[in-house]
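Residue numbers (the UniProt record's numbering): 1 to 61.
Idealized CB from N, CA, C, for every residue including glycine.
The model shown is predicted, which means the values in this text are computed figures rather than measured ones.
To start, the structure itself, in structure tokens.
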């Protein structure tokens with residue numbers, strides 16, 4: 001759902017599948033994240049989970 005929302009809003013993103021990338025999974029765990037999706041933006045705190053309102057804020061910023 002998050003991937004579809006980002007695409008609809010025209011936000012570029014790189015998808016990393018933690019089921020296929022054990023290193024990425026360990027990096028997320030080391031940072032304290034326990035659920036996906038996690039969306040990192042250089043201009044904002046990470047968005048954790050499906051959060052349409054936060055994506056809207058990202059588009060408006």
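Looking only at 57, 18, 23, 35, the smallest Cα-Cα distance to residue 41 is reached by 57. Inclusion of residue 9 and residue 38 in the CB contact set at 8 Å is not warranted, their separation being larger than that value. Here residue 37 carries a coil assignment [DSSP, helix/strand/coil]. Cβ neighbours of residue 24 within its own chain (closer than 7 Å, five residues either side excluded): 16, 18. CA-to-CA, the gap between residue 28 and residue 22 works out to about 10 Å.
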